[in-house]
Amino acid sequence: MMKLISLCMMLAISIVMVNTNTLPLMKTQFCDECEEILVESTGGAAEHLPESMGRYSIYTSLWENMVPVWKNDNGMYLTPDSNSNPIVYYVKWVVGKSIGAYDATIMNDVYVDGFDHCPYPWTSEV
């Protein structure tokens, strides 16, 4: 099982939301509660997708500062996928090799209905 956990709160894919209690690097309209997110796994994702694991820091934003994009030290991005569209309130968060990745290594198919669901905290089995 892979977890997205928050250091602000522990959960089960591990994406961890890390709140450093400082001002964020940038302010976006949605999903800007934490500057860093930790992606970790207790299952196969750790073994098969090590480049997707680790600490993601705010890198940039999309859609005129609507949502942030995070990047890890391995050059992977936590970003809305290429089919996400804020006009129709469809946002699918993924981990991939590029911003707006269409070939994501990790994705969340469950929480795609708008901006109510940020990439933390959520759980997913990979």
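Just so you know, the sequence shown maps onto residues 3 to 128 in our numbering.
Glycine is no exception: its CB is placed at the ideal position from the N, C-alpha and C atoms.
Boundaries of the alpha helix (DSSP H) around residue 49: 46-50.
Leaving aside the five residues that flank residue 91 on each side, the residues in its chain whose CB is nearer than 6 Å to its CB run, in chain order, 116.
Under the three-state reduction of DSSP, residue 97 is assigned to strand.
With a beta-carbon spacing of about 7 Å, residue 70 and residue 28 fall inside the 8 Å limit used to define contacts.
In this structure, the beta-carbon distance from residue 79 to residue 98 falls below 8 Å. Check the Cα spacing between residue 43 and each of 57, 31 and 84: the tightest is with 57. Boundaries cannot be given for residue 65, as no beta strand (DSSP E) includes it and DSSP labels it neither H nor E.
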